[in-house]
Amino acid sequence: RKEVEQDPGPFNVPEGATVAFNCTYSNSASQSFFWYRQDCRKEPKLLMSVYSSGNEDGRFTAQLNRASQYISLLIRDSKLSDSATYLCVGAPGGGYNKLIFGAGTRLAVHP
Amino acid sequence: DTGVSQNPRHKITKRGQNVTFRCDPISEHNRLYWYRQTLGQGPEFLTYFQNEAQLEKSRLLSDRFSAERPKGSFSTLEIQRTEQGDSAMYLCASSLGTGTETQYFGPGTRLLVL
């Protein structure tokens, strides 16, 4: 079983839709979690960190449930430019050493 | 551009040849990481350095792979006797090295072994 598991998608949604991605992790030692965004044939870029209290950045909301070992990302009012692969990431050392990536969830936003 | 840079961006080689990739981290970043990404998968950790010291190596890093960061600045990743299974994107990332922090990724080197 992979340490970080995601639904690969693809999620095909119209502009303006709300879409939610889920992720589960198996390593209870993971201290920190992140969502990275990766465009086709580009490097991953940090989208946001994930906190137990939940955090929001504009149209994006991330949530961590340590008891269920579950992480979510909600995107509201989807834009065409949101089309990308979203990588769920765990960090056993709090991001201080290695990152453990899920396989990613593909999102395609259409007009 | 003050981001992480990697060279070459693309490399095509024949099976059995040796290849070397270079990564230049963001200046003043003490930590440097190497990851490998295959199609349809997320990046997988290979190794990381704190300054010039290599602190962790993944089981993925077989004895054909070696990474160095001799002066604590740029790093090289060498693959000896390449195999077709080595075909992947090799990503380098760097971070300040002072605590929980963001890892910034370079554009990657895409390797194709024929």
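Residue numbers (this note's numbering), protein chains in the order written: chain A, 5 to 115; chain B, 510 to 623. We put the beta carbon where it would ideally sit given N, CA and C, even for glycine.
Any beta carbon from chain A within less than 8 Å of residue i's own beta carbon?
i	result
proline 517/B	no
phenylalanine 614/B	yes
glutamine 550/B	yes
glutamate 565/B	yes
leucine 600/B	yes
glycine 617/B	yes
For residue i, which residues in the same chain have their Cβ closer than 8 Å to its Cβ, ignoring the five residues on either side in sequence?
i	result
glutamine 73/A	Thr28, Tyr29, Ser30, Ser32
glutamine 593/B	Arg524, Val622, Leu623
proline 96/A	Asn31, Ala33, Ser34, Gln35, Lys102, Ile104
For chain B, find out if any of its Cβ atoms is closer than 8 Å to the Cβ of residue i; answer yes or no.
i	result
glycine 20/A	no
proline 48/A	yes
alanine 107/A	yes
asparagine 31/A	no
leucine 51/A	no
Which residues in the same chain have their Cβ closer than 6 Å to the Cβ of residue i, if we skip the five residues on either side of it in sequence?
i	result
arginine 110/A	Gly13, Pro14, Thr89
Tell me whether residue i is buried or exposed, calling it buried when 16 or more other Cβ atoms sit within 10 Å of its Cβ.
i	result
tyrosine 557/B	buried
serine 36/A	buried
alanine 162/A	Outside the shown range of chain A, which is 5 to 115, sits residue 162/A, and nothing can be said about it.
leucine 119/A	Nothing about residue 119/A can be reported from this structure: the residues present for chain A run from 5 to 115 only.
aspartate 1/A	The question about residue 1/A has no answer, for chain A in this structure spans 5 to 115.
threonine 618/B	buried
For residue i, which of helix, strand or coil comes out of DSSP?
i	result
leucine 564/B	strand
leucine 605/B	coil
leucine 570/B	coil
glutamine 67/A	strand
serine 30/A	coil
aspartate 81/A	coil
glutamine 10/A	strand
glycine 94/A	strand
glutamine 515/B	strand
glutamine 612/B	coil
aspartate 61/A	strand
Below 7 Å CB to CB, which residues in the same chain sit around residue i once its five sequence neighbours on both sides are set aside?
i	result
glutamate 565/B	Thr556, Tyr557
Complete beta strand (DSSP E) runs within the region 528-554 of chain B (minimum length 3 residues, chain order): 528-533, 540-546
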